[in-house]
Amino acid sequence: MDDYRAVRELLPAPPLSSEVERAGRERLNAAFARERVRRGRRTARWSALGLGLAGAAVAATIVIAPTTPPTAPATSGIVAQADGKRFLLIAAASVASMPDEGAWWGSTEVRGSQFHEPGGRYVLRESESIETWIPANPEGLTWYRQTPQGTGPATPQDEAAWRADGSPTSWTYDKPSEKGHVGVVQAEPDEQRTWSTEDWDFRILTAGKPLTKTSEVPDTPEGLKALIDADDGTTIDTAARLLFFAPVTSETRAAAYRLLASMPEVAAVGQVTDALGRAGQAIEYKSGEFTPPNYTGATRTRLVIDPASGRPLSIETRSVADGLLLTYTAIQDSRWADDNPLKEKK
């Protein structure tokens, strides 16, 4: 099977337009033609590796504690273990051709959670948009814009039940919701906020050693696995965070895709629609990393990917019991850029 045929078979239906298919082919051609090793031109870009917001200006640190003695990386290479996951290898080839130099790493995420209204008759969705600009200059400030989007029915079916309930604009919880709400939840969103801070400290700690430079992040799946040096669950979660949130090189992002493809615990789901209604291919695995802190049931994490562009679309946490979408982070945009629009408009 040639690579173009694989792309055509794996991309979401309905059939792609000629423009989109041509763009996918061009990305693959560029990915296969370029040199695989570009480490020499890399220099340190920032003093800490960003792995996502913990909320407001609160710093967060991911700690990776090895559970087994370090082992040498495999010399034969890491490859996908199942045909159903080969779309990850196509995504890796696509993302490897993306530009990855600039003065700022910018991303826009939509974060949301879903939970039943107090009577359990319908599901509510609470969401917000977070725009983040991380400077390549380690002395610069990181800028944020938080835009709350309020709370309302999650689906058209839930909206019908909400209207039958009198279209309430607030809900009172005597006991915690799936997200842990207690008290009054308002439908009306809070005000937008824009701010900057230098107190973010997102790092990976491996064997007690902080990883603080971009050039220290490997760009092969074997290198990433050796760096993380942890149990399989932590390895998968960390690869997902690198892929979705970290301002790393395109080669490192491609390596994260290949590493995920190699993990037996990662299962292909097939074509899905993410929390924002976008079509993509998905994988799932068992993890509590993104589960709401007060949720006690079993969950699975779903990663939704666009293989044609190589862009990650969303991380979703779902209940094993009933499939309810509990939390999600959807990536609307992420890129390197020369300018920071938040700094200019402050």
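In terms of this note's numbering, the sequence shown opens at residue 6 and continues consecutively.
Heads up, the beta-carbon is just placed ideally off N, CA and C, and yes, glycines get one too.
Quick caveat, the model's predicted, so the values are computed rather than measured.
Pull the bridge partners of D338 from the DSSP assignment, please. T113.
For the alpha helix (DSSP H) holding R258, just list the boundary residues, first then last.
Membership of R258 in the alpha helix (DSSP H) is indicated by the continuous run 255-267.
One question on the structure: do L281 and A335 come within less than 8 Å of each other, judged by their Cβ atoms? Cβ distance < 8 Å, so L281 and A335 count as in contact.
Take V325 as the anchor and find which of K291, T156, G125, K348 has the nearest alpha-carbon.
The shortest C-alpha to C-alpha distance from V325 to any of K291, T156, G125, K348 is the one to K291.
Checklist entry - So what's P158 in DSSP terms, helix, strand or just coil? => result P158 sits in a strand when the DSSP states are folded into three classes.
> Can you name, in chain order, every residue of its own chain whose Cβ lies under 6 Å from the Cβ of A96, other than the five neighbours on each side?
Replying inline: Cβ within range, chain order: Y262, I310, P312, G315.
Would N142 be called buried (16 or more neighbouring beta carbons within 10 Å of its own) or exposed? The residue is exposed, with fewer than 16 neighbouring Cβ atoms inside 10 Å.
Secondary structure at R168, three-state DSSP: helix, strand or coil?
Residue state, collapsed to three classes: helix.
Give every residue of the same chain whose Cβ lies closer than 8 Å to the Cβ of D179, excluding the five residues on either side of it in the sequence, and list them in chain order.
If we look at D179 and ignore the five residues flanking it on each side, its Cβ neighbours are P123, V187.
For A231, report the span of its alpha helix (DSSP H) as first-last. A231 -> alpha helix (DSSP H) spans 226-233.
### Message
Measuring straight from C-alpha to C-alpha, what distance separates R130 and T301?
### Response
About 19 Å.
Exercise for review: Please classify I209: does DSSP put it in a helix, a strand, or coil?
Suggested key: Any reading at I209 must be qualified, since the residue scores a pLDDT of 46, below 50, and its modelled position is unreliable; the value itself is stated next. Per DSSP, reduced to three states, the secondary structure at I209 is strand.
- Message: Measuring straight from C-alpha to C-alpha, what distance separates T225 and I233?
- Response: The alpha-carbon atoms of T225 and I233 are separated by roughly 12 Å.
*Residues of its chain near Q337, where Cβ-Cβ distance is below 8 Å and the 5 sequence neighbours each way are ignored*: Only T113, E114, V115, S134, L281 meet the Cβ criterion.
query = Taking the continuous beta strand (DSSP E) assigned at S182, which residues delimit it?
reply = It is not in any beta strand (DSSP E) - S182 carries neither H nor E in the DSSP assignment.
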